[in-house]
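*Asks:* All you need for my numbering is the position in the sequence shown, starting with 1, plus 7. By construction, the Cβ of each residue, glycine as well, lies at the ideal position given by its N, Cα and C atoms. Treat the numbers as computed from the prediction; the structure is a model and nothing was measured.
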Amino acid sequence: MPKIFVITYSTFGHINKVAESVVKGLEKGGAVVGRYQVPETLSEEILTKMHAAPKLDIPVITPQQLTEADGFLFGFPTRYGTTPAQIKAFFDATGGLWQKNALHGKPAGFFFSTASQHGGQEVTVLSSLPILAHHGMIYVPLGYPSAHLFDNSEVVGGSPWGSGTVANGDGSRQPTQKELEIAEIQGEKFAAVASKLAA
């Protein structure tokens, strides 16, 4: 069974909700899951003024711990179509692993949250791929395994690049059942790919 780390940064809780379904799918697919969050870079004062959600009681990961996993699913909200500073700061600290090729060949994927339908549901992942390329990691896209990704009758987050949710600019919209089902499918499909690579 592959060991997969689900590593997130969540400001208002949307990503953590999607992560629950990702974990469910991974476990359904036979993976052993480690659940982590990246270090926060903002002060408590700033987070309070932002009305940020409380942090989950899950471990804060260190770069060195990445070597313990067979693969990764990273979840985070977009910041102007790219990673938030917290995720960037975490990866900026992985230079030692890069020098040793410690993550080479490990599969990785992404899930995300955006304020609007057109606020980065694809480009957020696209702009994150150089991180994987420099580490020699294998990007595993979601594709179109769910009919919900073809649903144009309502707003549905997610894309072939990964599962996701649309939070609205004020964070008032929560992940829908369809979005959570897509996230669960992503976890299950990712576990299958990771199992083949780990065999």
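1. Contact check, F117 vs F81 under 8 Å by CB: the rounded distance?
2. Since S120 sits in a beta bridge, which residues does DSSP pair it with?
3. Going by C-alpha to C-alpha distance, which of T69, E51, Q71 sits closest to K62?
4. Do H155 and W105 come within 9 Å of each other at the CB atom, strictly closer than that value?
5. Can you check which of these residues, E191, A140, G178, G176, is closest to G165 by C-alpha distance?
6. Quick test of the definition: if touching needs 3 or more C-beta pairs under 8 Å, does the region 187-206 touch the region 87-106?
7. Using a Cβ-Cβ cutoff of less than 6 Å, which residues in the same chain neighbour S153 once the five nearest sequence positions on both sides are dropped?
8. Just list the residues that DSSP pairs S160 with in beta bridges.
9. With H, G and I counted as helix, E and B as strand and the rest as coil, what does DSSP make of Q44?
10. Within a Cβ cutoff of 6 Å, which residues of the same chain sit near A60, ignoring the five residues on either side of it in sequence?
11. Tell me whether A115 sits in a helix, a strand or coil according to DSSP, three-state version.
*Replies:* Looking at the atomic coordinates:
1. Here residue 117 refers to the residue found at position 110 when the sequence shown is read from its first residue. Here residue 81 refers to the residue found at position 74 when the sequence shown is read from its first residue. About 5 Å separates the two Cβ atoms, so the contact holds.
2. Residue mapping note: residue 120 aligns to position 113 of the sequence shown, counting from 1. For S120, which the question treats as bridged, DSSP gives the partners P84, T172.
3. In the sequence shown, the residue the question calls residue 62 occupies position 55. Out of T69, E51, Q71, E51 has the C-alpha closest to the C-alpha of K62.
4. Numbered from 1 along the sequence shown, position 98 holds the residue referred to as residue 105. Numbered from 1 along the sequence shown, position 148 holds the residue referred to as residue 155. Not in contact: W105 and H155 (Cβ atoms no closer than 9 Å).
5. Here residue 165 refers to the residue found at position 158 of the sequence shown. Nearest of E191, A140, G178, G176 to G165, Cα basis: E191.
6. no
7. Reading the sequence shown from its first residue, position 146 is the one you call residue 153. Excluding residues within five positions, the ones whose Cβ falls inside 6 Å are I189, I192.
8. Residue numbering aside, residue 160 sits at position 153 when the sequence shown is read from its first letter. In DSSP, S160 forms no bridge with anything.
9. Working through the sequence shown from its first residue, we reach residue 44 at position 37. Looking at Q44 - three-state DSSP - the assignment turns out to be strand.
10. Locating residue 60 in the sequence shown gives position 53, where the first residue counts as 1. Same-chain partners within the cutoff: F19, G20.
11. The sequence position of residue 115 within the sequence shown is 108, counting from 1. A115: strand per DSSP, three-state reduction.
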